[in-house]
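First to last, the sequence lines map onto chains L and A.
Reminder that position 150 of the first sequence reads as 150 in my numbering, one-by-one numbering, no gaps.
Reminder that position 3 of the second sequence reads as 1003 in my numbering, one-by-one numbering, no gaps.
Glycine included, each C-beta is placed from N, C-alpha and C at the ideal position.
Structure, as structure tokens:
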Amino acid sequence: MPGKPLPDAEQLLQALVAKMRPEVGPETGLVGIHTGGVWLAERLHKALGLKTPCGALDVSFYRDDYERIGLHRDVKRSDIPFDVEGRPLVLVDDVLYTGRTIRAAMNELFDYGRPQSIRLAALIDRGGRELPIAAQWVGATVEVGAGEGIELKRDERERLSLALYKRSAPDVA
Amino acid sequence: MWLDPKNPQLNHNGELHHLLSLDGLPASILWQILDTAKSFAGVTEREVKKVPLLRGKAVFNLFFEPSTRTRTTFEIAAKRLSADVINLAINISSQTKGETVLDTVANLAAMQADMFIVRHAASGAPYLIAKHVAPEIHVVNAGDGRHAHPTQGLLDMFTIRHYKHDFTQLRVAIVGDILHSRVARSQIQALSSLGCPEIRVIAPKTLLPSNVESLGVRVYHEMREGLKDVDVVMMLRLQNERMQGALLASAQEFFKYYGLTEDKLELAKPDAIVLHPGPMNRGVEIDSSVADGQQSVILPQVTFGIAIRMAVMSILAGN
């Protein structure tokens, strides 16, 4: 594998927790983006001791590449188990790339209500933004080639790790 | 657009391009539709029950035969996908079938239709339309003659899965006018694709197609025997308007032998569910106390029908 090794996901998660703790109140709603973002949101939720239950979004119905590549297979059900109206929210995703997923997620969130604010936490920022979107909290910034993707994995003991994969077709992350 | 000549619903990637029948659809596509519908069911519980997938698309409801429920749920589904919906109730008497149906469709296609939802009294009409439309247009069969009603079959499967979770442990009985029912065929095809091990049909000889065993079902003429220990009872509407000649002595007699009453339902498993595609003939194929009873899931079926139609339209328009 060329280039620098990927950072350790568990350490990045701890770094994120440390950065977020002073700035995230207990009434904040965490919303993970399927699938890696949901795993992260669950861990952050526990570590930060938040009261509001965790939400999960699958942004497939809001993606801007539907016209080109159709509906994603294996669409998960979005579930926001709290009232969005007037609440501070934090979107959680594993890899921040073009920003298109975050744009789709924000559009979907507004169909649940008008949040007081939305902030963004990402484990990895790999650059390459195509929209004016920035994260408040990032675990690490990583450079990878355009033909490669980074994915978050979770083993049977729920330990998180990062892996590189070859991107077959252009997608958005 | 290259479509598989053996199964003109599928494109060269084996993806769904039209939905004409559940016959010959790979189980993977059935599961994809059921899973996607589950996500759409979540959308319909939100404050804003709309997603932007079909924004800017025009969906034409082309009903050559009257229908309220199916047309309305297709319309709601299309609107929840943000499509523009145009409803056309076409008086069949002004049509001479064949060429003129295609002329109608060609004219609508010229109005930049993206999808046709077709209901027609003639079996095969949606196939004819699918064969002649431009490659970027998708066709959904909303019921053709005695042939098929695939979205009804799918919403029945969604309903069964919702309450029973696993098809591979189920005993299912389909009761009533199998002969004239386009729903029954779609149900049988879907149930066997999804792995249901025992499908029973319960009907008098005069209301069964001659080759019904070839579909892989067990035939019962005695309802009490057929209902024993089933998990799911799928009632069919007695198709009065299709009945030609004296296939039955009377509606009263049909109710006596094949109407679902509380005492007959007691023979099924205690947690058995009762489905009906609607519209119901109360007191003919189903007793009111059952239709409105604890085991009835007839109204949830209607709600699930919206999610199923959203799933079908969004998968088609994306392929």
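In chain order, which alpha helix (DSSP H) runs of at least 4 residues are fully inside the stretch 1118-1143 of chain A?
The qualifying runs are 1125-1132.
Any chain L beta carbon closer than 8 Å to A/ASP1114
Counting from one through the second sequence, the residue named residue 1114 of chain A turns up at place 114. A/ASP1114 does not count as touching chain L.
Can you give the Cα-Cα distance for A/THR1063 and A/MET1310, rounded to whole angstroms?
Here residue 1063 of chain A is taken as the residue at index 63 of the second sequence, counted from 1. Here residue 1310 of chain A is taken as the residue at index 310 of the second sequence, counted from 1. Residue 1063 of chain A is actually Phe in this sequence, not Thr. Approximately 18 Å, taken between the alpha carbons.
Candidates A/THR1303, A/ILE1306, A/LEU1275: which alpha carbon is nearest A/ALA1291's?
For the purposes of this step, residue 1291 of chain A is taken as the residue at position 291 of the second sequence. Checking every option, the nearest Cα to that of A/ALA1291 belongs to A/LEU1275.
Along the chain, where does the beta strand (DSSP E) that runs through A/THR1168 open and close?
Residue mapping note: residue 1168 of chain A aligns to position 168 of the second sequence, counting from 1. Element bounds for A/THR1168: n/a, residue is neither H nor E.
Chain L contacts from the stretch 1019-1030 of chain A (Cβ-Cβ distance under 8 Å)
Taking 8 Å as the upper bound on Cβ-Cβ separation, chain L lies near no residue of the stretch 1019-1030 of chain A.
Which residues in chain A sit within 7 Å of L/TYR66, going by Cβ to Cβ distance?
Residue mapping note: residue 66 of chain L aligns to position 66 of the first sequence, counting from 1. Near L/TYR66 (Cβ distances below 7 Å), the residues of chain A are LEU1053, GLY1318.
Would you say L/ARG55 and L/PRO81 are within 8 Å of each other, going by their C-beta atoms?
Taking the first sequence and counting its residues from 1, one reaches residue 55 of chain L at position 55. Taking the first sequence and counting its residues from 1, one reaches residue 81 of chain L at position 81. The sequence given here places Gly at residue 55 of chain L; Arg does not occur at that position. Yes, these two residues count as a Cβ contact at 8 Å.
Looking at the structure shown, is L/ARG68 part of a helix, part of a strand, or coil, going by DSSP?
Counting from one through the first sequence, the residue named residue 68 of chain L turns up at place 68. DSSP places L/ARG68 in helix when its eight states are reduced to three.
Spatially closest choice to L/VAL84 from L/VAL95, L/PHE61, L/ALA15, L/SER117, by CA coordinates
If you number the first sequence from 1, residue 84 of chain L lands on position 84. The residue with the shortest Cα to Cα distance from L/VAL84 is L/SER117.
Start and end of the beta strand (DSSP E) containing A/ILE1298?
Sequence index remark: in the second sequence, residue 1298 of chain A carries index 298 (1-based). Looking at the DSSP string, A/ILE1298 is not in any beta strand (DSSP E); the run it does join, the alpha helix (DSSP H), is 1298-1318.
Through-space distance from A/GLN1252 to A/GLY1283, alpha-carbon basis
Here the question's residue 1283 of chain A lines up with position 283 in the second sequence. Here the question's residue 1252 of chain A lines up with position 252 in the second sequence. Whole-angstrom Cα-Cα distance: 8 Å.
Answer with buried or exposed for A/GLN1152, where buried requires no fewer than 16 other C-beta atoms within 10 angstroms of its C-beta.
Reading the second sequence from its first residue, position 152 is the one you call residue 1152 of chain A. When all chains shown are included, A/GLN1152 counts as buried.
In terms of alpha-carbon separation, which member of A/ASN1141, A/HIS1149, A/ALA1109 lies closest to A/HIS1132?
As a first step, residue 1132 of chain A must be located in the second sequence, where it is residue number 132. Of the candidates A/ASN1141, A/HIS1149, A/ALA1109, the one whose C-alpha sits nearest the C-alpha of A/HIS1132 is A/ALA1109.
Going by DSSP, what residues sit across from L/ALA56 in a beta bridge?
As a working mapping, residue 56 of chain L is identified with position 56 in the first sequence. Answer by DSSP bridge pairing, in chain order: L/GLY32, L/ASP79.
Could you tell me whether the stretch 1075-1091 of chain A touches the stretch 1048-1060 of chain A, using the rule of 3 or more Cβ pairs below 8 Å?
Taking a contact to require three or more Cβ pairs closer than 8 Å, the stretch 1075-1091 of chain A and the stretch 1048-1060 of chain A qualify as touching.
Expected contact under 8 Å - CB spacing of A/MET1235 and A/LEU1260 to nearest Å:
As a working note, residue 1235 of chain A is residue 235 in the second sequence. As a working note, residue 1260 of chain A is residue 260 in the second sequence. Rounded to the nearest angstrom, the Cβ distance from A/MET1235 to A/LEU1260 is 6 Å, consistent with a contact under 8 Å.
Beta-carbon proximity of A/PHE1304 to A/HIS1162, cut-off 8 Å:
Sequence index remark: in the second sequence, residue 1304 of chain A carries index 304 (1-based). Sequence index remark: in the second sequence, residue 1162 of chain A carries index 162 (1-based). Yes.
Looking at the unbroken beta strand (DSSP E) that takes in A/GLY1042, where does it start and where does it end?
For the purposes of this step, residue 1042 of chain A is identified with residue 42 of the second sequence, where counting begins at 1. Premise fails: A/GLY1042 lies in the alpha helix (DSSP H), 1027-1043, not in any beta strand (DSSP E).
DSSP bridge partner residues for L/SER161 (one or two, in chain order):
Counting from 1 along the first sequence, the entry for residue 161 of chain L is found at position 161. DSSP, once it has assigned bridges, lists L/LYS153 as partnering L/SER161.
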